[in-house]
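As structure tokens, the structure follows; a few thoughts come after it.
Chains as they are written, first to last, in the numbering used here: chain F, 328 to 578; chain V, 59 to 264.
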């Protein structure tokens with residue numbers, strides 16, 4: 328169907344990223360973060376807040392070029408991104424927001440996408456008329472509408488109530504399973520991480536580096552509650568050893 | 059609406075009262091002015107003169123807004139352009155309208171081109187400043203969104219940037235229109251020996 332991608336590898340090797348503060352101090356945010364993702368792999372990054380996860384995503388998305396290292400995306404790869412805030416255009420309707428990013432998406436695809444995300448009756452609404460939960464779903468629809476090869480999700484479920492977050496996570500899972508898309512997900516929530524990821528990267532406090540990688544071989548749908556609980560406690564032991572804030576999410 | 063009419067009536071009354079006290083020589087009464095307008099309208103001179111003035115307004119306004127918005131956007135986006143353009147901008151902002159008009163007539167002669175260019179130059183810095191402020195206030199997060207989704211440059215400008223600039227462009231246009239309208243009369247007054255159709259303005263004024 329599409330020429331893009333091949334094996335759709337994402338090769339990230341960030342040696343160092345520093346910021347210079349207003350006071351002239353050098354602040355090291357990232358150090359030696361490296362990984363290679365294969366086509367369809369879902370990598371989840373878990374770490375204490377303020378450790379530099381968003382900075383890492385910004386580098387991978389290509390917004391920030393001032394770092395040492397390299398990010399190699401497959402040539403011509405389409406990148407979809409869901410930001411921490413929805414970042415919709417307030418002067419365009421829900422449908423027009425999605426269409427601006429995905430001019431080639433056909434009607435059938437959009438209809439299906441809006442149906443999966445429960446947005447069908449909101450197509451003509453404007454972002455100002457939507458709740459945060461709905462706006463988040465529009466942002467997800469926009470990212471999926473372009474048929475991305477690489478999907479970047481920066482805490483897409485944060486500050487939603489538990490029921491809605493769980494519902495949206497299931498939708499996200501369905502979308503990621505519907506076609507192979509190399510996904511990077513940043514989250515605080517270990518539960519989300521274990522349910523969605525193939526590979527979980529545990530990050531240290533600043534300067535962030537990968538403390539441990541937890542691969543999960545069982546396919547997402549086949550994961551039993553007991554297996555999920557076992558992986559979560561394994562992660563909890565690791566992160567406790569490193570004194571991170573992740574404990575709160577596990578308890 | 060009633061309040062507006064009342065306010066207008068108070069203005070006309072004040073005008074009339076002032077003209078009575080100062081005498082017709084110093085301040086013609088509203089009725090005198092109205093009859094002059096009617097005479098000019100009957101002869102057709104009013105409409106051809108007004109048409110010529112409006113054409114100058116439209117031309118110089120369009121020129122100043124287009125150029126001003128483009129320069130303002132560039133200066134808001136590119137720091138080097140801002141640094142290079144800023145001294146020129148300050149110079150133009152503080153240059154009296156009269157100086158620009160007189161210089162334009164001296165350099166280019168008493169021509170239409172000189173008049174329109176002089177008026178446009180008067181309006182230009184005002185448009186630059188307003189649009190530059192608007193460009194500085196653009197939401198960088200939406201730019202990032204446009205860049206990650208690879209929205210083509212022109213599309214992004216049209217649908218992401220322009221709607222954010224619209225209030226600033228509207229403000230520049232509103233203040234610009236009144237400014238151009240005021241200055242066009244100064245330019246016509248000064249250039250009247252060349253432009254026959256302006257004789258009436260200078261005649262009335264002198």
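Just so you know, even glycine gets a beta-carbon here, dropped at the ideal spot from N, CA and C.
Starting from residue i, find everything on chain V with Cβ-Cβ shorter than 7 Å and list it in chain order.
i: residue 408(F); result: 206
i: residue 473(F); result: 207
Only counting the same chain, and skipping five residues up and downstream in sequence, which positions put a Cβ closer than 6 Å to that of residue i?
i: residue 195(V); result: none
i: residue 201(V); result: none
i: residue 367(F); result: 507
i: residue 564(F); result: none
i: residue 82(V); result: none
So what's residue i in DSSP terms, helix, strand or just coil?
i: residue 434(F); result: helix
i: residue 485(F); result: coil
i: residue 257(V); result: Bear in mind that a pLDDT of 46 at residue 257(V), under 50, signals an unreliable position, so the number given afterwards is only what the model happens to contain. In this structure, residue 257(V) counts as helix in the three-state DSSP scheme.
i: residue 451(F); result: coil
i: residue 213(V); result: helix
i: residue 232(V); result: helix
i: residue 519(F); result: helix
i: residue 542(F); result: strand
i: residue 556(F); result: helix
i: residue 82(V); result: coil
i: residue 529(F); result: strand
i: residue 405(F); result: coil
i: residue 473(F); result: coil
i: residue 349(F); result: coil
i: residue 169(V); result: coil
i: residue 379(F); result: coil
Measuring CA to CA, which of the options is closest to residue i?
i: residue 180(V); options: 153(V), 188(V) and 167(V); result: 153(V)
i: residue 183(V); options: 201(V), 238(V) and 104(V); result: 238(V)
i: residue 116(V); options: 240(V), 248(V), 104(V) and 247(V); result: 240(V)
i: residue 472(F); options: 459(F), 423(F), 457(F) and 419(F); result: 423(F)
i: residue 430(F); options: 383(F), 469(F), 371(F) and 447(F); result: 469(F)
i: residue 393(F); options: 425(F), 356(F) and 365(F); result: 356(F)
i: residue 197(V); options: 220(V), 210(V) and 186(V); result: 220(V)
i: residue 561(F); options: 534(F), 521(F), 454(F) and 455(F); result: 521(F)
i: residue 400(F); options: 523(F), 340(F) and 551(F); result: 340(F)
i: residue 612(F); options: 527(F), 550(F), 549(F) and 513(F); result: The structure shown has nothing for residue 612(F), since chain F only spans 328 to 578.
Suppose you measure from the CA of residue i to the CA of residue j; what does that come to, to the nearest Å?
i: residue 487(F); j: residue 463(F); result: 9 Å
i: residue 516(F); j: residue 373(F); result: 8 Å
i: residue 64(V); j: residue 94(V); result: 25 Å
i: residue 390(F); j: residue 206(V); result: 8 Å
i: residue 490(F); j: residue 484(F); result: 11 Å
i: residue 164(V); j: residue 226(V); result: 35 Å
i: residue 388(F); j: residue 406(F); result: 8 Å
i: residue 509(F); j: residue 404(F); result: 10 Å
i: residue 525(F); j: residue 504(F); result: 12 Å
i: residue 134(V); j: residue 87(V); result: 49 Å
i: residue 343(F); j: residue 137(V); result: 27 Å
i: residue 162(V); j: residue 173(V); result: 7 Å
i: residue 380(F); j: residue 338(F); result: 17 Å
i: residue 476(F); j: residue 369(F); result: 12 Å
i: residue 511(F); j: residue 497(F); result: 17 Å
i: residue 544(F); j: residue 559(F); result: 15 Å
i: residue 71(V); j: residue 452(F); result: 53 Å
i: residue 66(V); j: residue 247(V); result: 28 Å
i: residue 128(V); j: residue 76(V); result: 46 Å
i: residue 132(V); j: residue 349(F); result: 26 Å
i: residue 109(V); j: residue 385(F); result: 57 Å
i: residue 398(F); j: residue 383(F); result: 11 Å
i: residue 555(F); j: residue 528(F); result: 16 Å
i: residue 266(V); j: residue 149(V); result: Shown here, chain V extends from 59 to 264; a query on residue 266(V) therefore has no answer.
i: residue 336(F); j: residue 499(F); result: 21 Å
Show which residues of chain F have a CB atom less than 9 Å away from the CB atom of residue i.
i: residue 218(V); result: 416 and 427
Note down, in chain order, every chain F residue with its Cβ under 8 Å from the Cβ of residue i.
i: residue 209(V); result: 427 and 428
i: residue 200(V); result: 414 and 416
i: residue 221(V); result: 416 and 418
i: residue 84(V); result: Ordered by position in chain F, no residue passes the 8 Å Cβ test against residue 84(V), which lies about 54 Å from the chain.
i: residue 133(V); result: Those within 8 Å of residue 133(V) in chain F number zero; the least Cβ separation is about 23 Å.
For residue i, which residues of its own chain have a beta-carbon under 7 Å away from its beta-carbon, when the five flanking residues on both sides are left out?
i: residue 419(F); result: 427
i: residue 345(F); result: 353, 354, 355 and 356
i: residue 449(F); result: 421, 457 and 461
i: residue 92(V); result: none
i: residue 191(V); result: 226
i: residue 214(V); result: 204
i: residue 333(F); result: Low confidence applies here, because residue 333(F) scores a pLDDT of 47, under 50, leaving its location unreliable; read the following figure in that light. Within the same chain, residue 333(F) has close Cβ partners 401.
i: residue 309(F); result: No statement about residue 309(F) is possible, as the shown extent of chain F runs from 328 to 578 and does not include it.
Looking only at its chain, what residues have a beta carbon closer than 8 Å to the beta carbon of residue i, apart from the 5 residues adjacent to it on each side?
i: residue 536(F); result: 357, 358, 359, 360 and 530
i: residue 466(F); result: 409, 410, 413, 414, 415 and 483
Which bits of chain F does residue i rub up against, with CB to CB less than 7 Å?
i: residue 123(V); result: Within 7 Å Cβ-Cβ: nothing; residue 123(V) doesn't reach chain F, min ~22 Å.
Could you tell me whether any non-hydrogen atom of the ligand NAP is closer than 7 Å to the CB of residue i?
i: residue 157(V); result: Although the ligand NAP was asked about, the structure shown includes no ligands whatsoever.
message: For the segment 387-402 of chain F, list every residue whose C-beta sits within 9 Å of some C-beta in chain A, in sequence order.
response: Here chain A cannot be found, since the structure's protein chains are F and V.
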